[in-house]
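**Student:**
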Amino acid sequence: MKPDLFEAPDYYNLDELLTEEHKLVRDAAREWVKRDVSPIIEEAAQKAEFPKSIIGGLAEIGAFGPYIPEEYGGAGLDQISYGLIMQEIERGDSGVRSTASVQSSLVMYPIWKYGNEEQRQKYLPKLASGEWIGSFGLTEPDHGSNPGGMTTNFKDMGDHYLLNGAKMWISNAPFCQIAVVWAKDESGRIHGLIVERGMEGFSTPETHNKWSLRASATGELIFDNVKVPKENLLPNKSGLGAPLGCLDSARFGIAWGAIGAAMDCYDTALRYSKERMQFGKPIGQFQLQQKKLAEMITEITKAQLLAWRLGVMRENGTATSAQISMAKRNNVDMAINIAREARQMLGGMGITGEYSIMRHSMNLESVITYEGTHDIHLLITGLDVTGLNAFK
Ligand SMILES: Cc1cc2nc3c(=O)[nH]c(=O)nc-3n(C[C@H](O)[C@H](O)[C@H](O)COP(=O)(O)OP(=O)(O)OC[C@H]3O[C@@H](n4cnc5c(N)ncnc54)[C@H](O)[C@@H]3O)c2cc1C
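As structure tokens, this is what we get:
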């Protein structure tokens, strides 16, 4: 793979909106990606292996629980810092960002928000340091966009719960130490349970043959009469709103992360357009190529503004789920379109692993699907503006 010469576009001087702390956090993450991710990520993706060697680095840049309080091992940062870290990691690879998102927003967040003090003390510091990696089990083979229909369930056996069912498409599953699993009790109410590797009847087979997020491990969570201790139930929130609250946090991170992937594609195509000669000129001198680049930087700038404003609203507690949906949908769509255009600008070279664009392009096919598909987020905006529910 080519050396990482990335220079971040900032067409509207958005750095002026950031604090010194934001810039320090962002720059540390950017340097780490250049030093530790870029040199190894192409090979990891080609081999379809999650590069476990980067777990310590992810913890060091604060990617595991950026906004979780320091008393639990988190970085104690604000929401914009969290977004910037996700942006920089996804600039390197969406699969690596997925691992960080799941750990922070889908595992640490529910333990912090819905767990009790004992659970926070037991799990959060080990997750923040990367000693333990977690996964989040919501999706099932027959319930993806409609998680409320889940059939995974648990029965109260007096001194423990008995968990049965299966989850599918679970990031980090093959090597997670713990899983936050959403399951129905005997009355049909959804609760979160912390399931630990080693519990009898719990297995995590890997899902192979993916063409997307190849550097992220995906698998199933299978529960065959798993005895879960009662103290592993998250006591402080139940119902579908509990997992959806985690998704709000993760989708916010994706809205930022997608900008990183788009910036990398744009920057690569811009540099290539000045170097690649055809018909005696750099291809960047042709109007058709300039149109692509001009549209890319315009869309990136709009997405940056959307993410920054959402970060302010998220920090002051006013961002709605529908506003987060809009940003996730818009920014991932923006990134996938930019990846496609940028790849074409590199001609044949664009399909090779010499450059990052094709990998981003394939990764973004997962990002546009998980955490609510593109169409589902459109329906959420539709419901929000009309008050009419297209899901029923
Ligand atoms: C790489 C990867 C990692 C993932 N990681 C996780 C994870 O860690 N944890 C987890 O719980 N899940 C995870 N997922 C699952 C992901 O969230 C689901 O794939 C996603 O929610 C879509 O569900 P589905 O694949 O079952 O598609 P379906 O729900 O079957 O949807 C198929 C199509 O139908 C459309 N559709 C569905 N309902 C409607 C409707 N009402 N109106 C209009 N169109 C509709 C969808 O938009 C989509 O285009 C992951 C997925 C992938 C690919």
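For the sequence shown, UniProt numbering gives the first residue as 1, with consecutive numbering after it. No residue lacks a Cβ here, since even glycine has one placed at the ideal position from N, Cα and C.
Which partner residues does residue 153 have in the DSSP bridge list?
**Tutor:** Answer by DSSP bridge pairing, in chain order: 164, 184.
**Student:** Can you check DSSP and say which residues form a bridge with residue 278?
**Tutor:** Residue 278 is bridged to 281.
**Student:** By Cβ distance below 6 Å, which residues in the same chain neighbour residue 321 in space, the five residues on each side in sequence not counted?
**Tutor:** If we look at residue 321 and ignore the five residues flanking it on each side, its Cβ neighbours are 248.
**Student:** Can you list, in chain order, the residues of its chain with a C-beta nearer than 6 Å to that of residue 75? Leave out the 5 residues immediately preceding and following it.
**Tutor:** So the list reads 62, 66, once near-sequence residues are dropped.
**Student:** Does residue 275 pass the burial test, meaning 16 or more other C-beta atoms within 10 Å, or should it be called exposed?
**Tutor:** By the neighbour-count rule (16 or more Cβ atoms within 10 Å), residue 275 is not buried but exposed.
**Student:** Quick check: is any heavy atom of ligand 1 less than 7 Å from the C-beta of residue 145?
**Tutor:** Under cutoff, so the answer is yes.
**Student:** Distance check for residue 258 and residue 90, CA to CA, integer angstroms please.
**Tutor:** So the alpha carbons of these two residues sit roughly 7 Å apart.
**Student:** Between which two residues does the beta strand (DSSP E) harbouring residue 190 extend?
**Tutor:** Residue 190 -> beta strand (DSSP E) spans 190–196.
**Student:** Curious, which full-length alpha helix (DSSP H) runs of at least 4 residues does the stretch 105–129 contain?
**Tutor:** Correct list: 109–114, 117–128.
**Student:** When you compare the stretch 158–173 with the stretch 214–223, are there three or more beta-carbon pairs, one atom per stretch, that lie closer than 8 Å?
**Tutor:** Cβ pair count under 8 Å is three or more, so yes.
**Student:** Is residue 175 near ligand 1, judged by its Cβ being under 7 Å from some heavy atom?
**Tutor:** No.
**Student:** Are residue 122 and residue 237 touching if we call contact CB-CB under 8 Å?
**Tutor:** Cβ distance not < 8 Å, so residue 122 and residue 237 don't count as in contact.
**Student:** So, under 8 Å CB-CB, residue 95 and residue 363 are touching, yes? Tell me the CB distance rounded to an integer number of Å.
**Tutor:** That belief holds up - the Cβ atoms of residue 95 and residue 363 are roughly 6 Å apart, short of 8 Å.
**Student:** Take residue 133 as the anchor and find which of 176, 160, 92 has the nearest alpha-carbon.
**Tutor:** Out of 176, 160, 92, 176 has the C-alpha closest to the C-alpha of residue 133.
**Student:** Under the rule that 16 or more other beta-carbon atoms within 10 Å means buried, what is residue 371, buried or exposed?
**Tutor:** So residue 371 ends up on the buried side.
**Student:** Among 196, 204, 29, 162, which one has its Cα closest to the Cα of residue 184?
**Tutor:** It is 162 whose Cα lies nearest to the Cα of residue 184.
**Student:** So, using beta-carbon positions, are residue 226 and residue 202 closer together than 8 Å?
**Tutor:** Yes, Cβ-Cβ distance for residue 226 and residue 202 is below 8 Å.
**Student:** Could you give the DSSP three-state label for residue 69: helix, strand or coil?
**Tutor:** Correct three-state label for residue 69: coil.
**Student:** What I want to know is whether the C-beta of residue 111 ends up closer than 7 Å to one or more non-hydrogen atoms of ligand 1.
**Tutor:** Answer for residue 111: no, Cβ out of range of ligand 1.
**Student:** Where do the ends of the alpha helix (DSSP H) carrying residue 306 lie?
**Tutor:** Unbroken alpha helix (DSSP H) run through residue 306: 287–315.
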